[in-house]
Amino acid sequence: MSDTALSIKTVLHPVSDLAKAKQVYAALLGGPPQTDSPYYVGFDIGGQHIGLVPGGGPQGMTSPVAYWHVPDIEAKLAELTAAGAVVKEAAHDVGGGRVVATVTDPDGNVLGLLQDR
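Spelled out as structure tokens, the structure:
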């Protein structure tokens, strides 16, 4: 693979009770979250980002989604759809210059893409 920047650094978990989940993940990861809001709680541990999304968020997540960090999200979306993936959530800015998108593979598994601009 020639794209050395491609890596999974972010995994988002849908949770039904944000307060309870936050306690469990803080105990697991050894400290408090770096981002703590009613709609998103994020932990950064050694370059790995773990996010908690209440109710699956607006994207309706029902299981954890790993986000592949890519240098060019539009190019990667084009490459994936040409290979047979289906866009689930089009690329959009979620704040701070971060753009995300999701696709499904032929079996319906959700793959996340993330680009920091």
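So the number in the numbering used here is just where the residue sits in the sequence shown, counting from 1, plus 1256. Even for Gly, the Cβ is constructed at its ideal location relative to N, Cα and C. Computed from a prediction, not measured in an experiment: that's the story for all the values here.
Can you tell me the Cα-Cα spacing of residue i and residue j, whole angstroms?
i: Met-1257; j: Val-1271; result: Bear in mind that the predicted position of Met-1257 carries a pLDDT of just 42, short of 50, making it too unreliable to give a figure here.
i: Ile-1264; j: His-1305; result: 9 Å
i: Gly-1286; j: Asp-1300; result: 11 Å
i: Thr-1337; j: Thr-1358; result: 11 Å
i: Gln-1290; j: Gly-1307; result: 10 Å
i: Pro-1294; j: Met-1317; result: 17 Å
i: Ala-1322; j: Gly-1353; result: 19 Å
i: Lys-1332; j: Thr-1360; result: 13 Å
i: Pro-1288; j: Lys-1276; result: 13 Å
i: Val-1309; j: Leu-1274; result: 8 Å
i: Gly-1312; j: Gly-1368; result: 14 Å
i: Ala-1339; j: Pro-1320; result: 23 Å
i: Asp-1363; j: Tyr-1281; result: 29 Å
i: Asp-1328; j: His-1348; result: 13 Å
i: Ile-1334; j: Arg-1373; result: Note that residue 1334 is Ala in the sequence shown, not Ile. Rounded to whole angstroms, Ala-1334 to Arg-1373 spans 18 Å at the Cα level.
i: Lys-1278; j: Asp-1292; result: 9 Å
i: Val-1326; j: Leu-1262; result: 5 Å
Which residues does DSSP pair with residue i in a beta bridge?
i: Asp-1372; result: Arg-1354
i: Ser-1263; result: His-1325
So which of the options has the shortest CA-CA distance to residue i?
i: Thr-1266; options: Gly-1364, Glu-1345, Val-1280, Val-1297; result: Val-1297
i: Ala-1341; options: Ser-1319, Ala-1283, Val-1366; result: Val-1366
i: Leu-1370; options: Glu-1345, Gly-1351, Val-1356; result: Val-1356
i: Gln-1315; options: His-1269, His-1325, Arg-1373, Lys-1278; result: His-1269
Quick one: complete alpha helix (DSSP H) runs, 4+ long, within the segment 1287-1362?
-> 1329-1338
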